[in-house]
Structure formats: C-alpha cells, structure tokens
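This note's numbering numbers the first residue of the sequence shown as -18 and each following residue consecutively. Cβ coordinates follow ideal geometry from the N, Cα and C atoms, glycine included. In what follows, a structure is listed as structure tokens, so that the remarks can point back to it.
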Amino acid sequence: MSLLVAFALFWGGFSSYQGIYLPGNVSKTTWINIPAGATSTQIADLLYQKEVIRSPFWFRAYLALSGQADRLQAGRYPFSPGQNVPSVVGELTRGSVAYNTVSVTFPEGYTVTQMAATLQQAGVCSAQSFMRAVKTDHFSYSFLATSYHRKTVRDPLEGFLFPDTYDFVRGESPKTVIQTMLQMTQQVLDPHRLREIAREGLTVQEVMTVASMIEREAKLKSERPLVASVIYNRLHLHPPMKLQIDATVLYALNGHGSLNHDLYINNPYNTYVYGGLPPGPIANPGLASIQAALHPAKTDYYFYVARNDGSGGHYFSTTYAQQLHNELRSQQNAAHHG
C-alpha cells in the first residue's frame, strides 16, 4: 500500500473529527483578500487566523489529496458560516470574479486623496466617503498610535495605506477597504522590521515620513538610499539643516499653487520654512523606500538636484559650491533636452 493511499485512508477515517468537514467558526459572512502569489501554506494560515477553517494542516492535506493546490486564485472572497474545507477550496478555485470584484492598483507614492479618486473611478466607493473614513474612523494598529494624536497631521492614515494591487468588491465600505490596506501594511511592518526601527532609535512615524519623502523625490530605485542619506545628514547637523524638499511644498499646496510662486508657503509640511521632519508622511511609500529610510547610504552628501537629462536621476554633492555647479549643469541639461 502506498503512503499516499494509506494517508488517504487515515484521512477518510478521521477527517470529520479533524475539521475537514466541520465548518469554521465565523459567525457572519467574512470577506478575505487572498494576495497574488500567496502559497497554499500562507492561504491556509490566513484562513485559520480569520477562523474560516479549523486546521491549516487539514486544509493543506485536502489540497494535496484533491490535487487542487495549484488551482487557488488570488482575489477577494466572502466566506459564510457553515462552510467546510471542501466548500472553501471550491470558492478559491472558482475565482472571485463571481463576486463583482474589481482589481485596483495604487502606485507607490500615491497620497490618500489620489487613492480616494482611484477607488471612485473603479466603482469601489466614493472619494468623499473614503476620505471621511480616513479622517474620522478609528483603526486599532500600533503603528498608527502617533499619527492619531498629532493635530497638525492632515490625514491620519497618510503613509500607512500600503500601495499595492488589491481586489475589492464594487460598493465595498470604505472602512473595509482601509482595513484591507492596513493589514498589508502590518505585514510589511512585521516584528523584524519593527525591531530594526527600534534599533535605529527611530519611531515608525519618523521612518514612514522619511520613506514618503524618498518615494516622492527619487525616481530611480538605486538613488533612494542616497536621498535618504541627504535627509539624515541634514537632520544630524548641529544645528540641523532645513530639509528643503520640494515634495513637501507640493504636499502643503495640495494641488493649489506651484513651486515657482509658493516655495515659502507658511505650512507645517513645508520643509523650506520649518526645520526637522514634516508632521507626518506626505505620501504612501513602497517597500524599497521604507528599506532606504531604514538603511540609508553612508555619504557626506547634503545636496542633490535633478539632472534633467531624461535619466530621472540626480546630482549629489557635499558643499553648496558643488551644488551651485550641479544646478548649472541641470539647467544646461534642461535646455538641451527641451
């Protein structure tokens, strides 16, 4: 008798006891987002955490014996009381398109207002209702504790809605949308990364604020640690040097004005006017920018300016004289590339 057959007989005799055919413990319909690329083990753990199934082991065993481990599809699914493992697997192999779901992509560096517009365009929820939830609903995540208590923060969730591709149901409640995105942020800000932040003597709020500025300033992934080094080098001077980051001015303007005319607008987010970090993040950063904020390059740079040569890169420098020279090169490049 093969091991597989023997295991199947064992499974057949004890499956009902072990939870294969017993329903999970959800008391009402629960929507769960299955991320793209998730393994069967990760899916089993997620379903177990949400009490949709009683045992990750028997979920994986059923997949192996039924030959469906490779047929599970990413998406957003509703799971109801009374569903057992075969029923849950049936939902996951059928796909979420039956539930009027829509795939929504938020690029790295989007602000919450841009996310709101994207959700409305996709038919998930109105921009107004999403922004109302951002500003008034409360969400219990430890990494949000600081932002909720800062009166100068424009949008409490700015910086903490992880930019990714999600599957939402058309007509989904804004609070559920936000919860889904915050859960992804919680996966990114896992215990290992939180320990890294603590070892650097930083707060989560500070790291996400720096990461958001990196996200908006650096177009090239390779330059993100360099931009991070400029930010920290300026902050660590005695006395600290103002960051003078254009992206913070644009955030302060919120689409109403321009750098040419409003560079010194009196707003707490404007790092040309106010020293130190802005009150909070100015966008929602991706993982590469978060990593750069945690692991900046070791440089003696205090300045950078866009090359304007079509590369998306910057010139970095240590002294103001070098910066002036690089600004001239930048202007010449701009004139040449028109």
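Check your understanding: Exposed or buried, residue 264, counting other C-beta atoms within 10 Å across all chains shown (16 or more means buried)?
Key -> buried
Practice item. Report, in whole angstroms, the separation of the C-beta atoms of residue 275 and residue 188, which I expect to be a contact under 8 Å. Key: Between residue 275 and residue 188, the beta carbon gap of about 6 Å places them in contact (Cβ cut-off 8 Å).
Review point. Taking the continuous alpha helix (DSSP H) assigned at residue 111, which residues delimit it?
Key: The continuous alpha helix (DSSP H) containing residue 111 extends over residues 108 to 117.
Exercise for review: Just tell me which of 104, 164, 277 has its CA closest to the CA of residue 177.
Suggested key: 277
Check your understanding: Taking the Cβ atom as the reference point for each residue, do residue 273 and residue 205 lie within a distance shorter than 8 Å?
Key -> yes
Point to revise | Extent of the continuous alpha helix (DSSP H) run through residue 133 | key: It is not in any alpha helix (DSSP H) - residue 133 carries neither H nor E in the DSSP assignment.
Exercise for review: Using a threshold of 8 Å, state whether the C-beta atoms of residue 100 and residue 158 are closer than that.
Suggested key: yes
Review point. Using the rule of at least 16 other Cβ atoms within 10 Å of the residue's Cβ for burial, across every protein chain shown, is residue 126 buried or exposed?
Key: exposed
Check your understanding: By the 10 Å Cβ neighbour count, where 16 or more other Cβ atoms means buried, how is residue 102 classified, buried or exposed?
Key -> exposed
**Study point:** Extent of the continuous beta strand (DSSP E) run through residue 56
**Key:** 56 to 60
Check your understanding: Between which two residues does the beta strand (DSSP E) harbouring residue 11 extend?
Key -> 11 to 15
Exercise for review: Run the CB neighbour count on residue 215, radius 10 Å, all protein chains shown included, and call it buried at 16 or more, exposed below.
Suggested key: buried
Exercise for review: Can you say whether residue 62 is buried or exposed, counting buried as having 16 or more other CB atoms within 10 angstroms of its CB?
Suggested key: Counting every other CB atom within 10 Å of its CB across the protein chains shown gives residue 62 a total below 16, marking it as exposed.
Exercise for review: List the endpoints of the continuous beta strand (DSSP E) containing residue 296.
Suggested key: Following the DSSP letters along the chain, one finds residue 296 inside the beta strand (DSSP E) bounded by residues 295 to 298.
Practice item. Name the residue from 163, 162, 185 whose alpha carbon lies nearest to the alpha carbon of residue 173. Key: Proximity to residue 173 across 163, 162, 185 peaks at 185, based on C-alpha coordinates.
Review point. Taking the Cβ atom as the reference point for each residue, do residue 87 and residue 16 lie within a distance shorter than 8 Å?
Key: no
Check your understanding: Buried or exposed: which applies to residue 149, given that a residue is buried once 16 or more other Cβ atoms fall within 10 Å of its Cβ?
Key -> buried
Review point. With distances taken from CA atoms, which of 118, 48, 198, 168 is nearest residue 224?
Key: Of the candidates 118, 48, 198, 168, the one whose C-alpha sits nearest the C-alpha of residue 224 is 198.
Review point. Does the segment 45 to 61 come close enough to the segment 107 to 124 to have 3 or more Cβ pairs within less than 8 Å?
Key: Between the segment 45 to 61 and the segment 107 to 124 there are fewer than three C-beta pairs closer than 8 Å, too few to call the two in contact.
**Study point:** Assigned secondary structure, residue 282 (DSSP; H/G/I helix, E/B strand, else coil)
**Key:** Residue 282 falls in the coil class under three-state DSSP.
**Study point:** Extent of the continuous beta strand (DSSP E) run through residue 149
**Key:** Per DSSP, residue 149 belongs to the beta strand (DSSP E) from 146 to 150.
Check your understanding: If we cut at 8 Å on Cβ distances, does residue 218 have a partner in chain D?
Key -> The chain labelled as chain D is not found in the depicted structure, where only one protein chain is given.
Exercise for review: Check whether the Cβ atoms of residue 290 and residue 314 lie closer than 8 Å to each other.
Suggested key: yes
Review point. DSSP state of residue 19, grouped into three classes?
Key: coil
Check your understanding: Counting along the chain, where does the alpha helix (DSSP H) carrying residue 157 start and finish?
Key -> Its alpha helix (DSSP H) spans residues 155 to 169.
Practice item. Starting from residue 85, trace the beta strand (DSSP E) both ways and give me its first and last residue. Key: For residue 85, the enclosing beta strand (DSSP E) begins and ends at 82 to 86.
Check your understanding: Per DSSP, residue 228 is paired with what?
Key -> BP columns for residue 228 are empty, so no partner.
**Study point:** Element boundaries [alpha helix (DSSP H), containing residue 93]
**Key:** 93 to 103
Review point. For residue 279, which residues of its own chain have a beta-carbon under 8 Å away from its beta-carbon, when the five flanking residues on both sides are left out?
Key: 210
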